[in-house]
Amino acid sequence: AQSVAQPEDQVNVAEGNPLTVKCTYSVSGNPYLFWYVQYPNRGLQFLLKYITGDNLVKGSYGFEAEFNKSQTSFHLKKPSALVSDSALYFCAVRDVGFQKLVFGTGTRLLVSP
Amino acid sequence: DAGVIQSPRHEVTEMGQEVTLRCKPISGHDYLFWYRQTMMRGLELLIYFNNNVPIDDSGMPEDRFSAKMPNASFSTLKIQPSEPRDSAVYFCASSLAPQRGGRGYKNIQYFGAGTRLSVL
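Protein chains in written order, with our numbering: chain H, 81 to 193; chain R, 14 to 133.
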């Protein structure tokens, strides 16, 4: 079965510093990978996705993610964190042959001023 | 488009009562998903529909939960009878079929703001 793992419950970073939120995946076939963000009391919002093509995917709010097939990873990155980036981040993979997504457990990002 | 609309935003009820959560997907979307989010279990997919037909309900916890989609613009998730352990945030999401909308929209799910359910 398709799955993703987010090894960190929380990531702390100072404003202005680069941030990385980690995600590894386990799939059969080609992976369709996604990142979503959830702000307090809101639903999940799509950030970016990888289906095929360039390994570096650019998304909303200055975020990008790097697909690494050899390490089966899809880490979310941003060169310079903002306090407003503080939120819960979910990695997800599309299930084989279905339209449903399998979500990771989420990583809470805290950006301090 | 107004996005996925869920109602009510908050629901407080007593154990044993029937609860109905409502969702209006984005117009023209083919898929509708119901999720539950709790601190303990994270984000769980309960059921999803394609063109109003339930495709996978393996995530529905038990017979107390039921979901319907009578038409393309409306779905309900019903809990009867409700129990305190059902307290959670319930999300609805919708998406286009992958063969429609172009590659840019492929498999992207759009979420509503959620219904926070508290069962006392």
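C-beta atoms are modelled at their ideal positions from N, C-alpha and C, and glycine is treated no differently.
Where the beta strand (DSSP E) through residue i begins and ends
| i | result |
| --- | --- |
| Gly55 (chain R) | Gly55 to Asn63 |
| Leu109 (chain R) | Looking at the DSSP string, Leu109 (chain R) is not in any beta strand (DSSP E), and its letter there is neither H nor E. |
| Val101 (chain H) | Leu99 to Val101 |
| Pro120 (chain H) | That residue, Pro120 (chain H), is in no beta strand (DSSP E); it is neither H nor E in DSSP. |
| Val66 (chain R) | Val66 to Asp69 |
| Phe46 (chain R) | Tyr44 to Thr51 |
Straight-line Cα distance separating residue j from residue i
| i | j | result |
| --- | --- | --- |
| Leu59 (chain R) | Gly139 (chain H) | 28 Å |
| Ala15 (chain R) | Thr152 (chain H) | 37 Å |
| Tyr103 (chain R) | Trp47 (chain R) | 7 Å |
| Gly163 (chain H) | Ser192 (chain H) | Per the sequence presented here, residue 163 (chain H) reads as Val, with Gly not at that position. Their backbone Cα atoms lie some 6 Å apart in a straight line. |
| Pro252 (chain H) | Ala101 (chain R) | For chain H, the structure presents residues 81 to 193; residue 252 (chain H) sits outside this window and is missing. |
| Ser134 (chain R) | Phe124 (chain R) | Here chain R has residues from 14 to 133 only, and residue 134 (chain R) is not among them. |
| Leu124 (chain H) | Gln118 (chain H) | 5 Å |
| Val93 (chain H) | Phe143 (chain H) | 15 Å |
| Gln82 (chain H) | Thr132 (chain H) | 17 Å |
| Asn65 (chain R) | Ser150 (chain H) | 40 Å |
| Cys36 (chain R) | Arg49 (chain R) | 14 Å |
| Arg54 (chain R) | Asp69 (chain R) | 19 Å |
Beta-carbon proximity of residue i to residue j, cut-off 7 Å
| i | j | result |
| --- | --- | --- |
| Ser95 (chain R) | Val32 (chain R) | yes |
| His42 (chain R) | Ser107 (chain R) | yes |
| Gly184 (chain H) | Val84 (chain H) | yes |
| Ala126 (chain R) | Arg174 (chain H) | no |
| Met28 (chain R) | Pro97 (chain R) | yes |
| Tyr116 (chain H) | Phe178 (chain H) | no |
| Val132 (chain R) | Thr26 (chain R) | yes |
| Pro87 (chain H) | Lys102 (chain H) | yes |
Contacting residues, own chain, Cβ-Cβ under 6 Å from residue i (five flanking each side not counted)
| i | result |
| --- | --- |
| Gln30 (chain R) | Ser95 |
| Phe147 (chain H) | Tyr130, Asn135 and Phe154 |
| Phe114 (chain H) | Lys129 and Ala172 |
| Leu90 (chain R) | Leu34, Trp47 and Ala80 |
| Met73 (chain R) | Leu59 and Ile60 |
| Thr104 (chain H) | Ala85, Thr152 and Ser153 |
| Lys157 (chain H) | Thr100 and Glu144 |
Cβ-Cβ separation, residue j to residue i (assumed contact under 8 Å), whole Å
| i | j | result |
| --- | --- | --- |
| Leu190 (chain H) | Leu99 (chain H) | Actually they are not in contact, since the Cβ atoms of Leu190 (chain H) and Leu99 (chain H) sit about 10 Å apart, beyond 8 Å. |
| Leu56 (chain R) | Asp99 (chain R) | With a Cβ gap of about 16 Å, Leu56 (chain R) and Asp99 (chain R) do not count as contacting. |
Cβ-based neighbour list, residue i, same chain, cut-off 8 Å, excluding 5 preceding and 5 following
| i | result |
| --- | --- |
| Asp165 (chain H) | Leu99, Tyr141, Lys158, Leu189 and Val191 |
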